[in-house]
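In what follows, a single structure is set out as structure tokens and then discussed.
In the UniProt record's numbering, the protein residues as written are 1 to 353.
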């Protein structure tokens, strides 16, 4: 039996068709493209021979069904998994360190619906004004863990991502603990290794400290992403980009509270991991009656939350530990991590006052 999750309610009907057109997804050639990527993966001596169909389909969608772009992203994904053990090992959401971050330090749920043009919205806000260096790394690890879950559970595909960053508790002491090398690794993951179509970044509850944080991060962003960052002095300005009703109550919306999305149960459900993951392209594209019922975001009540979802995937995360690039087997020149993660000398001297 396949578990239906309402954490990531999927688009349906005409919206789903429009999204697939935007992603250049042709149902007539989709299976052929998926088979081509699977065949390519088996032929790469330095990459895993097999991976589930659903993540591969998500990579194809994130690459607008360009096989070459998909190959580059997959190669970088498995390369980063080997190169960044601080992000891709010990991914157990029941561990004391990760549970502390989830419970007391940060909230970062992807909202259960999509915007009218098919984009997924994620809100990130701190709960505590200061994190130590390890907690910063663990926060980034959790963000990538949610990204991995979405590789599997975005069954219908979305037309891109919108991130809302709440800077209300961002303190100056946190800026002093940001490591340029850790931030650069994370940004390489997001921009080059994951099939993310980042459409907009909205920063709310801003302050001079938040603006210095944006200045810190911008050198790691591609130019097109820098142009998609919007800083709002008034929350109402955000509603011009994201429908108010789909936001959590803290932001004037009707989608429950941040705490409910992150931690609390509406209805307790249990599952055995593995039964819900589609393993074939046919499974991945079957219509889901639950998701077809409504696209009205404000009517949704979640029976799960992201903390539970991360725990549910504990065994899957453990199994992924072995799925990394082996540079000793890479044809041609192995990836040089120092070159990949090198920080420009002038940037090393950047001061955050």
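Don't be surprised by glycine CBs; every beta carbon is placed ideally from N, CA and C.
- Residue 124 is positioned such that its CB atom lies closer than 9 Å to that of residue 143.
- Look at the beta carbons and you see the region 242–253 not touching the region 128–139: under three pairs across the two are nearer than 8 Å.
- As DSSP reads the structure, residue 44 sits in no beta bridge.
- For a cut-off of 8 Å, the C-beta gap from residue 146 to residue 306 is around 7 Å, short enough to register as a contact.
- With fewer than 16 other CB atoms across the displayed protein chains lying within 10 angstroms of its CB, residue 329 is exposed.
- Going by DSSP, residue 120 is part of the beta strand (DSSP E) stretching over 120–126.
- With a 10 Å radius around the Cβ and a threshold of 16 neighbouring Cβ atoms, residue 32 comes out exposed.
- One alpha carbon belongs to residue 44, the other to residue 20, and they sit about 29 Å apart.
- In this chain, the beta strand (DSSP E) harbouring residue 114 covers 110–114.
- For the options 235, 196, 319, the alpha carbon positioned closest to that of residue 164 is the one of 235.
- Closest by C-alpha distance to residue 137, out of 102, 168, 162, is 102.
- Across the structure, residue 168 and residue 12 are spaced so that their CA atoms are roughly 35 Å apart.
- Between the C-alpha atoms of residue 190 and residue 196 there is a straight-line separation of about 7 Å.
- Taken through DSSP and simplified to helix, strand or coil, residue 98 comes out as helix.
- CA-to-CA, the gap between residue 342 and residue 184 works out to about 9 Å.
- DSSP, read as helix, strand or coil, puts residue 39 in helix.
- Secondary structure at residue 87: helix, using DSSP grouped into helix, strand and coil.
- If you draw a straight line from the Cα of residue 93 to the Cα of residue 38, it comes to about 30 Å.
- Secondary structure at residue 49: coil, using DSSP grouped into helix, strand and coil.
- Excluding the 5 residues flanking it on each side, residue 63 has same chain C-beta neighbours closer than 7 Å at 69, 70, 73, 195, in chain order.
- In this model, residue 321 and residue 91 are separated by some 9 Å (Cα to Cα).
- Residues of the same chain with a CB within less than 8 Å of the CB of residue 214, apart from the 5 flanking positions on each side, are 203, 229, 231 in chain order.
- With a minimum length of 4 residues, the unbroken runs of alpha helix (DSSP H) contained wholly in the region 122–165 fall at 133–153.
- Beta-bridge pairing by DSSP links residue 250 to no other residue.
- Spatial neighbours of residue 49 in its own chain (CB-CB distance under 6 Å, excluding positions within 5 residues in sequence) are listed in chain order as 42.
- In this structure, the CA atom of residue 81 is about 6 Å from the CA atom of residue 88.
- Per DSSP, the continuous beta strand (DSSP E) segment holding residue 230 begins and ends at 229–231.
- The C-alpha of residue 221 is placed about 23 Å away from the C-alpha of residue 242.
- Collapsing the DSSP output to three states places residue 56 in a helix.
- The three-state reading of DSSP puts residue 21 in helix, counting H, G and I together.
- The alpha-carbon of residue 257 is positioned some 11 Å away from that of residue 107.
- In the three-state reduction of the DSSP assignment, residue 71 falls in the helix class.
- Under the DSSP definition of a beta bridge, residue 107 partners with 125.
- Apart from sequence neighbours up to five positions away, the residues of its chain that approach residue 324 with a beta-carbon distance below 7 Å are 78, 81, 82, ordered along the chain.
- Here residue 67 is exposed: its Cβ has fewer than 16 other Cβ atoms, across all protein chains shown, within 10 Å.
- Around the C-beta of residue 309, 16 or more other C-beta atoms lie within 10 Å, and the residue is accordingly described as buried.
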